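Residue numbers (this note's numbering): 8 to 338.
Comments concern the structure below.
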Amino acid sequence: MSLELFLEFLCKSSVVAGAGLLLSILPGFRPVDRADVLRASVCVLLLLPLLALALPSLELALLPDEPVTAAAAAPVVWQGSVTPVEGVSLSSTLRSPTVMEVLIGLWIMGAAAVIGRFALGVLTLWRWTRSGAVVTDGAWTQALEALSPRRRPRLVAAPAVEAPLSWGLPPGVVLVGPSCLSRPETAGAVLAHELAHLRRADWLFLALSRLALALFWFNPLVWLLHAALASRTEDAADAAALAVVDRRTYARTLVGLAADFRQPAAIGMAGEVQSLSRRITRIMNARSTSRSRPLALALAVGALVAVAAPVAALEITQRAPLPPPAPLAPP
């Protein structure tokens with residue numbers, strides 16, 4: 008990754024992430040619309056490298072030109088020879104890494120940290136699912152029996168689960184903890200919320216958002232986009248649950264399940280304590296429904312693509328070198 012390429016993707020990802028964040032707060036959007044706009048932004052971020060290769064490049068000379076000089080050797084860190092050992096002699100030269108090599112190394116370490124954390128989360132969820140027991144309590148399975156067998160998720164009780172969560176591709180898995188399982192009156196609200204996540208394939212977009220975060224971890228706006236998507240996804244699931252559950256019952260369930268849940272590879276119903284107060288207020292005062300507005304969403308996504316396409320084609324280059332000064336005329 009050269010300096011020019013690093014600056015290109017920093018600028019391009021900033022424009023796409025910033026546009027997605029701005030479009031998601033437009034007035035009149037419902038929770039599901041805001042989540043879908045942020046989903047589209049994540050997908051466009053992932054397509055940026057492909058768009059940059061497919062579209063004709065538009066050069067933008069922003070970097071200062073470098074004077075043309077003879078190629079200089081890289082600075083030498085160490086040079087010498089090793090004392091012969093049993094008739095074998097060695098000599099070598101160590102050079103300092105170039106700027107491009109340093110940038111590539113830093114990018115690989117950042118991407119590996121993001122992907123590694125997510126992979127550990129997925130491994131934890133797999134272990135919980137494998138070691139848990141299938142729930143057979145009628146109060147919990149009643150809501151699932153109305154679904155077709157192909158759309159019915161696995162409902163598993165795992166001792167390590169702090170708050171109800173869902174993960175995996177549809178039909179997916181719903182995990183509940185012992186404390187939640189002991190309160191059957193919360194079954195309707197919990198399953199309405201988690202089934203909304205699974206129905207909308209929210210876990211898939213969580214994984215895609217983590218992938219975009221790994222590619223552009225150096226951009227703070229991409230981190231804000233990921234956090235906004237996680238928050239708006241919970242809002243959309245809340246709105247879908249309120250279509251079948253009384254809002255007071257639902258709010259009481261959220262308060263009862265409140266926990267500092269920090270599982271990076273799953274979607275927890277209770278979420279973080281910091282956002283619980285906002286969610287309760289919105290649930291009690293919200294008038295919007297869980298239905299989306301297709302026309303408004305299509306216009307927002309179209310605007311996002313219209314911004315991203317020309318930006319993806321930009322190529323940051325160096326300014327053309329100034330011509331040498333003309334020789335002075337003889338007197």
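Backbone N, C-alpha and C define an ideal beta-carbon position, used for all residues, glycine too.
Remember, it's a predicted structure, so these values are computed and weren't measured experimentally.
In the DSSP assignment, V180 is bridged to R161 and W174.
Going by C-alpha positions, A243 is about 15 Å away from T288.
G139 is a Cβ neighbour of A164, given a cutoff of 7 Å. The region 212-270 is shown to contain whole alpha helix (DSSP H) runs of 4 or more residues at 227-249 and 254-264, in chain order. Pairing R159 with T136, the inter-Cα distance amounts to about 16 Å. DSSP lists V163 as the bridge partner or partners of V141. Taking the C-beta atoms as reference points, L62 is found nearer than 7 Å to A319.
Take the alpha-carbon of L321 and the one of E15: they are about 8 Å apart. Measuring C-alpha to C-alpha distances from R207 to each of A248, F13 and V22 identifies A248 as the nearest. The Cβ-Cβ distance between A146 and A194 falls below 7 Å. About 6 Å separates the beta carbons of D245 and I290, which is inside the 8 Å limit, making them a contact pair. Distances from the alpha-carbon of L213 to those of A235, F225 and A199 put A235 closest. The alpha-carbon separation between F125 and R217 amounts to approximately 7 Å. Judged by beta-carbon spacing, A315 lies within the 7 Å limit of V23, meaning their Cβ atoms are closer than that value. The C-beta of D144 has fewer than 16 other C-beta atoms within 10 Å across all chains shown, which makes the residue exposed. Using a Cβ distance threshold of 7 Å, V142 and L162 count as a contacting pair.
In the pairwise beta carbon analysis, the region 218-226 is classified as touching the region 111-131: at least three pairs are separated by under 8 Å. Nearest to P191 by C-alpha distance, out of A150, L211, W230 and N226, is A150. Here A199 carries a helix assignment [DSSP, helix/strand/coil].
Between S155 and the set P177, C187, A167 and P166, the nearest pair of CA atoms involves P177.
Nearest to G35 by C-alpha distance, out of A313, A310, V312 and R300, is R300.
Counting the other CB atoms within 10 Å of its CB gives R157 a total below 16, which places it among the exposed residues.
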